[in-house]
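As structure tokens, the structure follows; a few thoughts come after it.
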Amino acid sequence: MPLLVHQLTNNLNTQVEQFRAIHTWVCYNIESDHYFSEATLKKRRKLLNNKSALQKWNTKQQTKVFKRLVRNKKTICSGYAYVLKALTNLADIECEIVDGYARTVRTNVNTVDFPNHSWNVVKLNGKWYFADTTQTSGYYNLDDEAFVKNYNEGYFLATPELFVKNHYPLDENWLLLDEKPTLKQFVEAPIIYGSTYKYDIIPIFPTTLVTTLNIGEAVMFKFKILNKTALKDVNFVFSGGLRNKVMSFKGKNYKHNILQMAYQFHKKGEFDVHAKIDEDIIASYTIIVKNAEKMPNGTFN
């Protein structure tokens, strides 16, 4: 490992360049060990309430993780985080492992499941940044049963305001935010994806995955657009039942990097709404539209 770090960083002058070289090497040379990861999470969930048994199993599991990593160049999130920390520390750059909750379409949605992910924080030029080599390196295609290398530059040193949308640390100090969201707010937030990082877009409103409206009311969608080249391509599609429809907005308001769009629902139902750029989904919401309730005084609520 010291030789590898020397080869990667010897001709680079800044910490950012050196860390980028190490980070890129990890992402391009190690694959996600999907089924081993699934088995690990299943066992961890089973032992969650038995701390002594969980600790004993974790110790044995670490040995398996490192053996598979060396033999197959495949690993789970904790293996990715360990390798990045070890290589980065050898370059005399501070790097720590952070354990916590990752949020996907299947996990930690609306209710807290259990800590299921590890990532890193790295200190560059006196400031802490995020790195998640597991998610940056690519994804596992279940249909083909193969890992797809798909380096996502957007995860590299991602802004904390975006990173917290699908990462929540056990130690809240590693949120790296002055105004820290609660774990409840985290699990109730809209769903984001790798493409959200790719285009550097931060969903701001609605703040929850599920929004309930009365017929005729409008919902405001609000995003912080950090990459202006993506601005013109943002569109929305909603589905209710078997139909899909592109949402037409009367006007878009863009000011100070904030994009705002209001949409009025005229029919009752439950709609899945996806904000997209081309075919990439960047955020998902559920909008429940009801008939207004009539109050005893004759007004509607």
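For the sequence shown, the residue numbers in this note's numbering are 575 to 875.
Backbone N, C-alpha and C fix where the C-beta goes; we use that ideal spot for every residue, glycine too.
Proximity test, residue i beta-carbon vs the ligand HEM heavy atom, cut-off 7 Å
i, result
"Ala660", "Questions concerning the ligand HEM fall outside what the structure shown contains, since it holds no ligand whatsoever."
Alpha-carbon to alpha-carbon, residue j and residue i
i, j, result
"Phe779", "Phe730", "24 Å"
"Cys669", "Phe845", "43 Å"
"Glu735", "Pro743", "14 Å"
"Asp807", "His830", "18 Å"
"Thr637", "Thr649", "12 Å"
"Arg618", "Lys634", "13 Å"
"Trp631", "Ser652", "15 Å"
"Glu605", "Lys758", "32 Å"
"Tyr773", "Asn740", "16 Å"
"Val696", "Asn818", "43 Å"
"Glu762", "Arg680", "13 Å"
"Ala627", "Lys641", "22 Å"
"Gln709", "Asn726", "8 Å"
"His580", "Asp666", "11 Å"
"Tyr609", "Val639", "12 Å"
"Tyr881", "Lys802", "Nothing in the structure corresponds to residue 881, since the chain is present only between 575 and 875."
"Lys659", "Ala705", "10 Å"
CA nearest to the CA of residue i, picked from the options
i, options, result
"Ala857", "Pro777, Lys625, Leu736, Met575", "Pro777"
"Glu746", "Met821, Tyr675, Ile775", "Tyr675"
"Ile862", "Ala804, Glu791, Asn801, Lys826", "Glu791"
"Leu615", "Asn827, Phe688, Ile855", "Phe688"
"Val793", "Glu591, Val847, Val644", "Val847"
"Leu783", "Lys772, Asp852, Ile766, Thr770", "Ile766"
"Val672", "His691, Arg680, Leu664, Lys798", "His691"
"Val686", "Arg645, Arg677, Trp693", "Arg677"
"Met835", "Ala849, Val761, Lys842", "Ala849"
"Glu853", "Arg645, Leu628, Ser769", "Ser769"
"Ile832", "Leu800, Lys659, Glu612", "Leu800"
"Thr860", "Pro764, Asn827, Phe593, Ser711", "Pro764"
"Ile851", "Val811, Phe839, Lys841, Lys842", "Val811"
"Thr756", "Asn827, Arg645, Asn684", "Asn684"
"Phe593", "Lys625, Asn663, Asn623", "Asn663"
Nearest-angstrom beta carbon gap, residue j and residue i [assumed within contact, 8 Å]
i, j, result
"Leu661", "Val600", "7 Å"
"Lys647", "Asn603", "6 Å"
"Phe797", "Ile775", "5 Å"
"His597", "Thr733", "16 Å between Cβ atoms; not a contact."
"Leu578", "Ala595", "The Cβ separation is near 10 Å, so there is no contact."
"Thr781", "Lys864", "Not confirmed; about 20 Å, so no contact."
"Val820", "Asn809", "6 Å"
"Lys842", "Ile789", "6 Å"
"Asn682", "Ala655", "With 8 Å as the limit, Asn682 and Ala655 do not qualify as a contact, their Cβ atoms being about 18 Å apart."
Per DSSP, cross-strand counterpart(s) of residue i
i, result
"Asn818", "Ser813"
"Thr833", "What sits at residue 833 in the sequence shown is Leu, not Thr. Phe797, Tyr828."
"Lys864", "Asn788"
"Gly653", "Note: Gly653 sits in no beta bridge, so no partner."
"Glu844", "Ile862"
"Glu605", "Lys648"
"Lys850", "Asn809, Ile855"
"Gln838", "Ala792"
Short CB-CB distance (under 8 Å) between residue i and chain C
i, result
"Thr756", "In the displayed structure, chain C is absent; only one protein chain is listed."
> Mind pulling the beta strand (DSSP E) runs of 3 or more residues that sit fully within the region 668-728?
Replying inline: 669-676, 691-698, 701-705, 712-715, 720-723
>> Restricting to runs no shorter than 4 residues, where is the alpha helix (DSSP H) found entirely within the region 734-793?
In response: Whole alpha helix (DSSP H) segments, 4+ residues: 734-737, 757-761, 768-772.
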